[in-house]
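Q: Have a look at this one.
Number of protein chains: 2
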Amino acid sequence: MSAESDRRRELGQQLRVDSVRCSAAAGSGHPTSSMSAADLMAVLLDGGYLRMDTQDLRNPANDHLIFSKGHASPLYYSVLKAAGIIDDAELLTFRDFESRLEGHPTPRIPPTDVATGSLGQGLPIAVGVALAGKRLDRLPYRVWCLCGDSEMAEGSIWEAFEHASFNELDNLTAIIDVNRLGQTRETMVGWDLDRHVRRAEAFGWHAIAIDGHDVDAIAAAFDEAVATTGTPTVIVARTKKGKGVTAVEDQPGKHGKPLDDPEAAIAELGGERDITVRIAAPERGDPHEFSAGGGELPSWEVGEQEATRKAYGEALTALGGMRGDVVALDGEVSNSTHSEMFREAHEDRYFEMFIAEQQMVAAAVGMQVRGWVPFASTFAAFLTRAYDFIRMAAVSRASIRLSGSHAGVSIGEDGPSQMALEDLAAFRAVHGSTVLHPSDANQTAKLVAAMADREGISFIRTLRGKTEVRTPPGEDVGIGGSRIVRDGDDVAIVACGITVDQAAAAAEQLAGDGVAARVIDAYSIKPIDAETLRAAARECGAIVTVEDHWPEGGLGDAVLEALAEADDRPPVHKLAVGDMPVSGSPDELMHAAGIDAEAIAGAALALARERVG
Amino acid sequence: MSAESDRRRELGQQLRVDSVRCSAAAGSGHPTSSMSAADLMAVLLDGGYLRMDTQDLRNPANDHLIFSKGHASPLYYSVLKAAGIIDDAELLTFRDFESRLEGHPTPRIPPTDVATGSLGQGLPIAVGVALAGKRLDRLPYRVWCLCGDSEMAEGSIWEAFEHASFNELDNLTAIIDVNRLGQTRETMVGWDLDRHVRRAEAFGWHAIAIDGHDVDAIAAAFDEAVATTGTPTVIVARTKKGKGVTAVEDQPGKHGKPLDDPEAAIAELGGERDITVRIAAPERGDPHEFSAGGGELPSWEVGEQEATRKAYGEALTALGGMRGDVVALDGEVSNSTHSEMFREAHEDRYFEMFIAEQQMVAAAVGMQVRGWVPFASTFAAFLTRAYDFIRMAAVSRASIRLSGSHAGVSIGEDGPSQMALEDLAAFRAVHGSTVLHPSDANQTAKLVAAMADREGISFIRTLRGKTEVRTPPGEDVGIGGSRIVRDGDDVAIVACGITVDQAAAAAEQLAGDGVAARVIDAYSIKPIDAETLRAAARECGAIVTVEDHWPEGGLGDAVLEALAEADDRPPVHKLAVGDMPVSGSPDELMHAAGIDAEAIAGAALALARERVG
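Protein chains in written order, with the numbering used here: chain U, 14 to 626; chain A, 14 to 626.
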């Protein structure tokens, strides 16, 4: 026992030394935040608690290790070295432009599942992985998540605590590195471990307070965590930031910078070591697969009236029958987004995330880590709640699909708090994203199917009210496409979603005035069908864009971008929601916003006359 | 006592009847979510707990009543009627296009402080108002906040719980209406009041569990809340959704819709009543004012090198000396954003919000309710965490100022999790927003001062690294302005922030190639200086935009928008960050992103040659 403890203490010192070394080599980084948690990681590795096939990092039976405190990346990379996954030379490339070892961990360096570095995200994602382990993969892998104590102030952490206990995730262990010091001062809780414990217990977790530098206490806590069933465990570890080096140990003002004298620090820590730990192997096992019964996507006849949110629900449900890897999550509005249809058909693959949008997106990210194909839905307005999670999902190279219903003023009476009017802009500005806004049911069904195969963050915006089915069931609809609703070459009207019906009505009205308007349904906003837009620019000479969205960053800006360097750059008149909407009927609100048929016809007529005149 | 209790029960029934009536008149709304909390509000009013001068809703001594469960708007408006603030005729205009009574409350109807309807926001804002009461106004007003039990799943609620107890806000009372039923199902906690109590206590609150339909128990709880000092109180009230009407009471599937048979419901509730409560008057009192010692904004000599984040800190600190109404908040990175300088100079007006960006923005919203001028800062990337709060702040017609530091790839080694690359797009798409991105210290100081007088949501993006001061101290810098860095008319380069230095270097290089480039520093991105851009379009014939941001929704799109209908619409080539960045030096990363001087010169040369060729 004593030899074992000594070995673990030695490994802890190695992790500290390596954290100091790589930060010194980089000239930046967070060594002190790494040193506090070094003993915790040493025991996790040496004690055989972490089970990972280091020869096959993609082995589906492997445990998952997520550093929610992503700034402790020096420790994380030192762990990878100790596990034999990277060598010492690579460790010292930390933060180099050519290195896989970025300032905060990303999936560029396996076995890293997700990017962290925006605090409070690792634990909610770990909940997603653990949910997948329990309910989808049905494998006994464990999820270990190292949290900082500063990030316990993030609300998302408490969403994760609630969902983990509600779902009885005894395959999840959180380790809180309570070094008490944040970036500029002590946390609100300080070293009051009992306060951390009481909060965790109140949220239904098994909680164990320990001295985070006592390797025997750490091992006992891990044993207890593994033995605990029916609920997750949190180990609340009292630690010292910068532990082991007098110049920085438990000192304020030492956050996020390399040590002033790394050589002295390494000497104080007992010098460099070269321990490689034989990491415990996982039990073998294959992930569960859900049988796909077959079936086909729903379709509607031209002329039918249907809400695209309803089509989303029907299409997703059908897709769930065709593919066993599709799963659905919803933020407790499944009867509004219509994901309830999926729940009814495929209950085992439906996850109720309640009113916790950050946890919903994080869970989707966690599930796609395990190869599942998640679709998560809520009102589009409420996806703004998870914008940081969506941003980070892109850094994680995650493939998730988000559905936002009740877009725009056309929802009517509920008022602006429920109206997504910034969602297109927000999603366009996510790296590698796909942004879709179908105008009818048939488009919706085909785009939902396309999203399942799409990499990255894809977003589909659906409507509360019914729209006319204009797209024939057999017509090609795909990401990057668009649809000519009506031909004409006096002026082009580019619309999406609810405004397609309005644009079609405007074109009808314009025809009476002798103006032939081309109506383009730009259901794919990113990528946008630049070729069709450039043809319209060339042939129509003037363009009106119309969207149920603020003027900035949405359809209008996407059209302008597509034409920015085109040979033909006609005037583009953007119609969008300019004033803060109120409550009212959809027609009243679209009229007030100046995005209805009347406004479109007026703008198009003015442009067409300007050209002729 | 009994007569008093009877009167309160009667008032509760009136609030139910009126909730049913106005929802029936509207044909939509959430009467059942209103009926559960009716007795709680009846006692709050009749018991004299809520103190409000209903003849002067702007009396600074008034209590504040915030419906965090904004969908209980029928109850809220029924409360306003019972208090004599609106009449019955207006009550029945609920959700009409012409009405002030929107689907969810907004400040269009006084005394409503803020818009609610995105769950989990009212309580964090209430914390902000209560913080203002304690530390800024120093008045004994109380803040009463009605929460739904579904919204307890939002992490932001727990940020609020932690900050309220940490700040000993005994002027804050939260009331949780535990009707157990969400939109589609029972909440995770159900009627387990004890679980709610344990969580609240673990977060340092005084908690009282009661039967929310027992008017005497409610009164006793309010008495206890008022008598409790040193910590906030939460009343956990067991209620029934739809209470009092058999057809809907405690029934699933009755969320968010008017009653099928309102007449029968009103009869079952004992018919219409016309009680007007004489609301208790507040103690008189005037808000505290901080003395402004004077001083002036800092300035820098042309040619100096300074980081705009540092200039932000200095300017804000000076502004705090010049104006007693300016306050600062920070998300525990004040030594990075440099708001620490304000803290050191004006400690009484500085609020440490720790790693809780949602609570930070909510607190700013709460403080501006009380007339304060808040500036809140963190890394720009982490403001995405609070995007829903920022969106709702616009619906609240709030005036808040946000500062986001460490923008773009130019931060270097920390990697993409810390790099704001979507912030310009996100903030442009906020209604009525102002978006600023100064390139040097002098611009920063003047824009910070301008923000203090600016209505709505204003955002200033600051840089980690130093940039050259190019703007003379005496030059006009203002919202909507821009700056010609260098004249020329072969091509125009529009830059902002870090890319101004790069554009200036590119222009120098281009001059060697015989190309005279005009360099425009577009420090005001919204509103943008359209006149200067149109002149450039007319005179230069081709434009390159360059920004340290994703290609979508930022500077490039703002320039395209400004020129969309201009007489001259030259080709616009957008340079922006196209690929996911990694870690590295600022120079390496700007080069890799294609936004450095070399890339700018290359793009400008190609455009200029195209024109000539």
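C-beta atoms are modelled at their ideal positions from N, C-alpha and C, and glycine is treated no differently.
#1: Could you check what DSSP says for valine 559 of chain A in three-state terms: helix, strand or coil?
#2: Express the C-alpha separation of isoleucine 170 of chain U and serine 409 of chain A in angstroms, rounding to a whole number.
#3: Can you find a heavy atom of the ligand SAM that lies under 7 angstroms from the Cβ of tryptophan 218 of chain A?
#4: Do you know offhand how far proline 311 of chain A's Cα is from proline 44 of chain U's?
#5: May I ask you to verify whether the stretch 452-463 of chain A touches the stretch 481-494 of chain A, counting CB pairs closer than 8 angstroms and requiring at least 3?
#6: Check each candidate in A:His419, A:Gln372, A:Ile506, A:Tyr325 and name the one with the smallest Cα separation from lysine 459 of chain A.
#7: For the alpha helix (DSSP H) holding serine 81 of chain A, just list the boundary residues, first then last.
#8: Which one or two residues does DSSP pair with histidine 219 of chain U in a beta bridge?
#9: Please tell me whether glutamine 381 of chain A has its Cβ less than 8 angstroms away from any Cβ of chain U.
#10: Output yes if chain A places a C-beta closer than 8 angstroms to the C-beta of alanine 177 of chain U; else output no.
#11: Under 8 angstroms, with one C-beta from each stretch per pair, do the stretch 270-286 of chain U and the stretch 27-47 of chain U reach the 3-pair mark?
#12: Could you say which of U:Ala505, U:Gly478, U:Lys479, U:Ser471 lies nearest to isoleucine 492 of chain U if we only look at CA atoms?
#13: Quick check on methionine 10 of chain U - is its C-beta less than 8 angstroms from some C-beta in chain A?
#14: Answer yes if the stretch 104-111 of chain U comes into contact with the stretch 437-449 of chain A, meaning at least three C-beta pairs across the two stretches below 8 angstroms, and no otherwise.
#15: Apart from the five residues just before and just after alanine 74 of chain U, which ones in its own chain have a Cβ nearer than 7 angstroms to its Cβ?
#16: My guess is that alanine 555 of chain U and aspartate 534 of chain U are in contact by the Cβ rule of under 8 angstroms, so how many angstroms apart are they, rounded?
#17: Starting from threonine 129 of chain U, find everything on chain A with Cβ-Cβ shorter than 8 angstroms and list it in chain order.
#18: Is aspartate 526 of chain A helix, strand or coil when you go by DSSP?
#19: Please work out which residues of its chain come closer than 7 angstroms, Cβ to Cβ, to alanine 305 of chain A, disregarding the five sequence neighbours upstream and downstream, and give them in chain order.
#20: Which term fits glutamate 314 of chain U, buried or exposed, when burial requires 16 or more other beta carbons within 10 angstroms of its beta carbon?
#21: Could you check what DSSP says for glutamine 134 of chain U in three-state terms: helix, strand or coil?
#22: Which residue marks the beginning of the beta strand (DSSP E) containing serine 471 of chain A, and which one marks its end?
#23: Between which two residues does the alpha helix (DSSP H) harbouring alanine 463 of chain A extend?
#24: What do you get for glutamate 172 of chain U, buried or exposed, if any count of 16 or more other CB atoms within 10 angstroms of its CB means buried?
#25: What separation, rounded to the nearest whole angstrom, lies between the Cα atoms of glycine 283 of chain A and aspartate 126 of chain A?
#26: Is lysine 323 of chain U helix, strand or coil by DSSP?
#27: I need the straight-line Cα distance from isoleucine 189 of chain U to alanine 220 of chain U, nearest angstrom please.
#28: Note the first and the last residue of the continuous beta strand (DSSP E) segment covering serine 304 of chain A.
#29: What are the boundary residues of the beta strand (DSSP E) that threonine 545 of chain U is part of?
#30: Please state whether the Cβ-Cβ distance between alanine 519 of chain U and alanine 375 of chain U is less than 8 angstroms.
#31: Note down the Cα distance separating threonine 330 of chain U from phenylalanine 388 of chain U, rounded to an integer number of angstroms.
#32: In chain A, what lies closer than 7 angstroms to threonine 252 of chain U by C-beta?
#33: Less than 8 angstroms between the beta carbons of isoleucine 413 of chain U and valine 33 of chain U, yes or no?
#34: For alanine 442 of chain U, which option in U:Gly425, U:Ala543, U:Ala407 has the closest C-alpha, if you only look at C-alpha atoms?
#35: Taking Cβ-Cβ distances below 7 angstroms as the criterion, which residues of the stretch 542-572 of chain U are in contact with chain A?
#36: So, is the C-beta of glycine 195 of chain U closer than 8 angstroms to a C-beta in chain A?
A: Taking the coordinates as given:
#1: For this step, residue 559 of chain A is matched to residue 546 along the second sequence. Looking at valine 559 of chain A - three-state DSSP - the assignment turns out to be strand.
#2: Taking the second sequence and counting its residues from 1, one reaches residue 409 of chain A at position 396. Taking the first sequence and counting its residues from 1, one reaches residue 170 of chain U at position 157. Distance from the CA of serine 409 of chain A to the CA of isoleucine 170 of chain U, rounded to the nearest whole angstrom, comes to 27 angstroms.
#3: With respect to the ligand SAM, the structure offers nothing, as it holds no ligand at all.
#4: Sequence index remark: in the second sequence, residue 311 of chain A carries index 298 (1-based). Sequence index remark: in the first sequence, residue 44 of chain U carries index 31 (1-based). Their Cα atoms are separated by approximately 36 angstroms.
#5: yes
#6: One-based indexing of the second sequence puts residue 459 of chain A at position 446. The candidate whose alpha carbon is nearest that of lysine 459 of chain A is A:Tyr325.
#7: Position 68 of the second sequence, counting from 1, holds the residue named residue 81 of chain A. Taken as a continuous stretch (DSSP letters only), serine 81 of chain A belongs to no alpha helix (DSSP H), as it is neither H nor E.
#8: As a working note, residue 219 of chain U is residue 206 in the first sequence. U:Thr246.
#9: Against the second sequence, residue 381 of chain A aligns to sequence position 368. Closer than 8 angstroms: no.
#10: Sequence index remark: in the first sequence, residue 177 of chain U carries index 164 (1-based). Not one chain A Cβ lies under 8 angstroms of alanine 177 of chain U.
#11: yes
#12: What you label residue 492 of chain U is simply residue 479 of the first sequence in a count that begins at 1. Ranking U:Ala505, U:Gly478, U:Lys479, U:Ser471 by Cα distance to isoleucine 492 of chain U puts U:Ser471 first.
#13: Given that chain U is displayed from residue 14 to residue 626, the structure contains no residue 10 of chain U and the question cannot be resolved.
#14: no
#15: What you label residue 74 of chain U is simply residue 61 of the first sequence in a count that begins at 1. Excluding positions up to five away in sequence, the list reads Leu152, Tyr154, Pro295, Glu296, Arg297, Gly298.
#16: Locating residue 555 of chain U in the first sequence gives position 542, counting from the first residue. Locating residue 534 of chain U in the first sequence gives position 521, counting from the first residue. So it is not a contact: roughly 18 angstroms between Cβ atoms.
#17: Within the first sequence, the letter at position 116 stands for residue 129 of chain U. Chain A residues near threonine 129 of chain U: Ser430.
#18: As a working note, residue 526 of chain A is residue 513 in the second sequence. Residue state, collapsed to three classes: coil.
#19: By 1-based counting over the second sequence, the position of residue 305 of chain A is 292. Within the same chain, alanine 305 of chain A has close Cβ partners Gly334, Met335, Arg336, Gly337.
#20: On the first sequence, residue 314 of chain U is found 301 positions in, with the first residue counted as 1. The residue is exposed, with fewer than 16 neighbouring Cβ atoms inside 10 Å.
#21: Against the first sequence, residue 134 of chain U aligns to sequence position 121. If DSSP states are grouped into helix, strand and coil, glutamine 134 of chain U belongs with coil.
#22: Along the second sequence, one-based indexing puts residue 471 of chain A at 458. Serine 471 of chain A -> beta strand (DSSP E) spans 470-474.
#23: Start at 1 with the first residue of the second sequence, and residue 463 of chain A comes out as number 450. Counting along the chain, the alpha helix (DSSP H) containing alanine 463 of chain A begins and ends at 454-465.
#24: Residue numbering aside, residue 172 of chain U sits at position 159 when the first sequence is read from its first letter. Buried is the call here.
#25: Position 270 of the second sequence, counted from the start, is the residue given in the question as residue 283 of chain A. Position 113 of the second sequence, counted from the start, is the residue given in the question as residue 126 of chain A. About 33 angstroms.
#26: Translated into the one-based positions of the first sequence, residue 323 of chain U becomes position 310. Helix at lysine 323 of chain U.
#27: On the first sequence, residue 189 of chain U is found 176 positions in, with the first residue counted as 1. On the first sequence, residue 220 of chain U is found 207 positions in, with the first residue counted as 1. Distance between the alpha carbons of isoleucine 189 of chain U and alanine 220 of chain U: 10 angstroms.
#28: Residue 304 of chain A sits at position 291 when you count from the first residue of the second sequence. Segment: none, serine 304 of chain A is in no beta strand (DSSP E) and carries neither H nor E.
#29: Walking along the first sequence from the start, residue 545 of chain U turns up at place 532. First-last for threonine 545 of chain U: 543-553, but that is the alpha helix (DSSP H), not the beta strand (DSSP E).
#30: Residue 519 of chain U sits at position 506 when you count from the first residue of the first sequence. Residue 375 of chain U sits at position 362 when you count from the first residue of the first sequence. No, Cβ-Cβ distance for alanine 519 of chain U and alanine 375 of chain U is not below 8 angstroms.
#31: Residue mapping note: residue 330 of chain U aligns to position 317 of the first sequence, counting from 1. Residue mapping note: residue 388 of chain U aligns to position 375 of the first sequence, counting from 1. Cα to Cα, threonine 330 of chain U sits roughly 11 angstroms from phenylalanine 388 of chain U.
#32: As a first step, residue 252 of chain U is located in the first sequence; it is residue number 239 there, counting from the start. Counting only Cβ-Cβ distances below 7 angstroms, threonine 252 of chain U has no contacts in chain A at all, with the closest Cβ about 18 angstroms away.
#33: The residue you call residue 413 of chain U lines up with position 400 of the first sequence. The residue you call residue 33 of chain U lines up with position 20 of the first sequence. Not a contact, by the Cβ cut-off of 8 angstroms.
#34: By one-based count along the first sequence, residue 442 of chain U stands at place 429. The candidate whose alpha carbon is nearest that of alanine 442 of chain U is U:Ala407.
#35: Listed in sequence order: Trp563, Glu565, Gly566, Asp570.
#36: Counting from one through the first sequence, the residue named residue 195 of chain U turns up at place 182. By this cut-off, glycine 195 of chain U is an interface position.
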